[in-house]
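Working notes for the structure below.
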């Protein structure tokens with residue numbers, strides 16, 4: 475177990491380093507240096523004294539060679555110093571520190587909505603015996619993924635803010651301002667949850683132990699809650715890890731439409747004015763968040779499914795999931811001991 | 052100029068920052084407008100209340116001397132006063148912090164007599180040394196952070212403190228544009244402490260001015276709150292009233308979506324909004340609101356040709372291209388009533404502007420004849436050719452203004468009709484800056500706001516940014532150099548007028564249309580005004596029923 479965790483942490487560090495390096499290279503290769511852009515924005519096209527340009531370039535370290543800049547930035551990043559914003563002069567850490575809690579609240583609420591709504595749709599579709607209702611419910615996830623978040627946001631605003639005055643259209647003040655953007659963000663997320671969970675449930679329903687349980691007289695509801703869900707929840711959990719990334723990306727749209735301060739707006743603003751230290755800082759922080767969430771998901775697997783043996787996989791640094799146990803009708807080796815254990819409680 | 056977001060860049064970055072996800076962002080652009088002239092404000096001004104203003108983009112900071120974008124200036128301008136003010140109607144320079152001034156005959160010395168009753172919001176008085184501290188900082192430590200100010204103060208030698216309330220600003224050479232520059236927000240006078248403060252801290256809000264409002268809070272990308280100064284009593288002669296502002300507070304929030312701004316105004320969540328798009332006008336007027344518009348002074352939106360190579364090296368081709376463009380159609384089809392077709396390289400609100408509409412008339416027949424005469428014959432695909440070279444050129448543009456793409460697409464169609472091919476190359480601000488240096492473009496599309504005809508010098512002078520990549524032109528360069536040393540206002544205006552003719556004579560610019568600001572205001576809001584640079588002033592603003 476320790477070896478596994480250590481391996482995951484090392485892999486995470488490698489991912490972070492790669493994210494930093496790739497973003498540095500991409501940003502460095504941009505056709506114009508940030509100081510020119512900064513002056514161009516501020517000077518309205520008027521010519522600027524070259525000596526002043528050189529001074530400014532030196533102040534931000536852009537006069538050094540690429541390798542020097544890379545090493546010095548990497549060193550600073552490792553110590554938690556993300557530099558200062560070119561456009562505002564504020565420390566990048568402070569900017570991100572202000573933005574992240576806002577987005578965390580937004581993404582957190584969206585995630586809760588996604589799990590409740592997405593899980594609810596999948597469970598209801600799995601539980602119901604009406605084919606029509608089931609078909610209707612299963613049509614929702616593709617729809618949820620297909621509608622653009624931007625359009626959904628504007629639609630929600632038109633109805634709930636401009637027409638009925640239920641929620642404020644803009645701002646970060648209070649819970650009310652959180653509702654509409656969270657719903658906007660949660661729609662594609664709940665669709666993903668519903669899609670994956672529904673598939674898992676569908677596969678689980680066709681497992682032999684379900685038949686056994688039903689034959690023993692368990693009710694449909696009981697089979698669903700005691701057996702099917704437990705077996706179907708694992709892939710949905712994997713999706714949750716990816717969803718956090720989606721929610722961060724979605725915050726660009728949600729925060730722009732709803733004029734909220736946060737991670738997404740910061741991304742949009744920094745990219746627009748080519749504020750390289752801020753963009754670089756955002757890349758690093760996003761990578762940290764993403765890596766942490768996936769690490770947590772990985773570590774949570776064995777808690778949910780004791781069949782997953784982390785120590786066995788540790789040698790290769792890979793997590794081996796009992797995939798075949800989830801495929802319909804073909805019980806995998808690992809699934810065999812688990813099913814009877816659950817059945818005992820069902821009987 | 053309004054600032055927008057290059058959609059390509061945003062997508063790339065969203066993908067970069069959050070690798071596994073796909074973000075689809077729509078263009079959140081400030082931009083075009085429609086509607087009539089500001090209506091006369093009826094009734095007696097009412098004091099009190101909070102004016103909630105939705106900005107279309109994020110300010111880059113709140114320091115009047117460092118910021119350049121419209122939205123930043125909307126906030127910063129309220130915090131500070133300048134030595135002089137400029138009448139937006141006449142372009143005349145009027146007293147503000149300086150009650151009077153003298154300019155030496157050689158235009159190198161500008162003596163200002165300051166009011167003796169002005170205090171900054173930290174309680175310190177305005178003195179001659181304050182002015183000196185400001186100009187010294189702008190040409191010293193602040194220089195690179197305030198490039199616009201540095202260009203206004205080019206050739207600055209010193210500020211002499213004559214007595215407690217008299218200063219003389221001395222330049223190495225004649226600097227005729229300085230008097231107008233002294234009225235701009237860029238050369239606003241800040242307190243002694245602010246002048247020497249760290250530039251970054253100033254941008255973030257460490258700014259003390261003598262303006263009618265004081266900064267209460269500023270959060271980057273979120274907004275700002277400014278509150279009125281009850282003891283303000285030195286408004287310029289341009290303002291409607293001299294004393295304190297009417298509204299207690301102005302709450303600026305940043306709302307990038309134009310539809311949200313309009314919906315917010317219509318549903319009473321905002322009192323005024325910036326950058327109204329044509330499609331949102333109806334929603335605003337439907338709710339009883341109105342639209343304030345004003346043309347930005349300065350260089351209009353132009354195609355500025357690179358004359359160093361390609362078909363556009365020939366002035367006959369450039370002229371034919373200009374003749375083939377139907378400017379009225381641009382305004383009627385893809386812009387709105389707020390905009391006007393260009394009638395010179397300068398906008399009609401610029402002091403020194405001359406009407407050269409006769410040179411910019413649409414004449415497709417003349418364009419066709421000229422191109423035929425120059426030996427450009429139509430090829431199989433309808434595009435003219437000569438010696439194996441196609442009559443095709445590109446235009447680079449940054450999406451700073453929402454209407455640009457549609458305008459350029461229509462220009463493309465108009466040119467196509469006479470057998471000229473125009474290729475649109477949308478670049479990010481960064482790519483455009485790089486292209487400007489390398490000269491990798493045939494035409495450059497942009498505009499610049501400045502309420503003084505001197506703006507021609509940096510844009511079209513061979514010593515300026517030289518977007519034309521041209522060699523010496525004794526006529527134009529002589530006029531531009533002469534303008535800066537001309538003490539007599541009429542003679543200077545004459546030089547600026549002739550310079551506009553010279554630019555069009557050689558077709559160094561193909562003017563398209565004049566940019567306009569458009570502000571939506573709710574029906575209870577009165578007295579929001581534009582200054583000479585078409586930036587907003589709130590000193591006279593009041594809200595009925597508060």
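Chains as they are written, first to last, in my numbering: chain Y, 475 to 821; chain V, 52 to 597.
We treat Cβ as the ideally placed atom computed from N, Cα and C, and that holds for glycine.
Treat the numbers as computed from the prediction; the structure is a model and nothing was measured.
Is residue j closer than 8 Å to residue i when the C-beta atoms are compared?
i, j, result
"residue 503 of chain V", "residue 402 of chain V", "yes"
"residue 291 of chain V", "residue 578 of chain V", "yes"
"residue 768 of chain Y", "residue 724 of chain Y", "no"
"residue 496 of chain V", "residue 455 of chain V", "yes"
"residue 658 of chain Y", "residue 728 of chain Y", "yes"
"residue 271 of chain V", "residue 564 of chain Y", "yes"
"residue 266 of chain V", "residue 177 of chain V", "no"
"residue 313 of chain V", "residue 569 of chain V", "no"
"residue 254 of chain V", "residue 571 of chain V", "no"
"residue 479 of chain V", "residue 449 of chain V", "yes"
"residue 244 of chain V", "residue 263 of chain V", "no"
"residue 703 of chain Y", "residue 501 of chain Y", "no"
With which residues is residue i paired in a DSSP beta bridge?
i, result
"residue 101 of chain V", "V:300"
"residue 495 of chain Y", "BP columns for residue 495 of chain Y are empty, so no partner."
"residue 569 of chain V", "V:344"
"residue 476 of chain V", "V:447"
"residue 355 of chain V", "V:495"
"residue 349 of chain V", "V:500"
"residue 581 of chain V", "V:587"
"residue 602 of chain V", "Given that chain V is displayed from residue 52 to residue 597, the structure contains no residue 602 of chain V and the question cannot be resolved."
"residue 132 of chain V", "V:240"
Is it buried or exposed for residue i, if we count other Cβ within 10 angstroms and need 16 for buried?
i, result
"residue 580 of chain Y", "buried"
"residue 398 of chain V", "buried"
"residue 581 of chain V", "buried"
"residue 565 of chain V", "buried"
"residue 500 of chain V", "buried"
"residue 586 of chain V", "buried"
"residue 151 of chain V", "exposed"
"residue 493 of chain V", "buried"
"residue 268 of chain V", "exposed"
"residue 408 of chain V", "exposed"
"residue 604 of chain Y", "exposed"
"residue 340 of chain V", "buried"
"residue 477 of chain Y", "exposed"
"residue 730 of chain Y", "buried"
Return the first residue and the last residue of the beta strand (DSSP E) that residue i is part of.
i, result
"residue 550 of chain Y", "Note, residue 550 of chain Y: premise wrong, no beta strand (DSSP E); alpha helix (DSSP H) at 540-552."
"residue 624 of chain Y", "Taken as a continuous stretch (DSSP letters only), residue 624 of chain Y belongs to no beta strand (DSSP E), being part of the alpha helix (DSSP H) at 623-630."
"residue 500 of chain V", "494-500"
"residue 209 of chain V", "207-214"
"residue 435 of chain V", "435-437"
"residue 275 of chain V", "274-279"
"residue 136 of chain V", "135-137"
"residue 146 of chain V", "144-146"
Roughly how many angstroms lie between the CA atoms of residue i and residue j, to the nearest whole one?
i, j, result
"residue 332 of chain V", "residue 166 of chain V", "43 Å"
"residue 631 of chain Y", "residue 319 of chain V", "14 Å"
"residue 755 of chain Y", "residue 547 of chain Y", "10 Å"
"residue 766 of chain Y", "residue 494 of chain Y", "16 Å"
"residue 793 of chain Y", "residue 782 of chain Y", "In this prediction, residue 793 of chain Y scores a pLDDT of 47, lower than 50, which makes its location untrustworthy; no coordinate-derived value is stated."
"residue 482 of chain V", "residue 504 of chain Y", "8 Å"
"residue 362 of chain V", "residue 193 of chain V", "43 Å"
"residue 826 of chain Y", "residue 735 of chain Y", "Because chain Y spans 475 through 821 in this model, residue 826 of chain Y falls outside it and cannot be assessed."
"residue 608 of chain Y", "residue 633 of chain Y", "29 Å"
"residue 63 of chain V", "residue 345 of chain V", "Caution applies to residue 63 of chain V, whose pLDDT of 39 falls short of 50 and renders its modelled position unreliable; the value that the coordinates give is listed next. Residue 63 of chain V and residue 345 of chain V: Cα-Cα distance of roughly 35 Å."
"residue 572 of chain Y", "residue 105 of chain V", "21 Å"
"residue 261 of chain V", "residue 162 of chain V", "21 Å"
"residue 288 of chain V", "residue 512 of chain V", "34 Å"
"residue 590 of chain Y", "residue 667 of chain Y", "9 Å"
Name the two residues that bound the continuous alpha helix (DSSP H) containing residue i.
i, result
"residue 559 of chain V", "Residue 559 of chain V -> no alpha helix (DSSP H), and no H or E assigned at all."
"residue 568 of chain Y", "566-601"
CB of residue i to nearest heavy atom of the ligand NAP: below 7 Å?
i, result
"residue 770 of chain Y", "The ligand NAP is absent from the structure shown, which contains no ligand whatsoever."
Taking 8 Å as the threshold (beta carbon to beta carbon), is residue i in contact with chain C?
i, result
"residue 380 of chain V", "Structure shown: chain C not included; protein chains present are Y and V."
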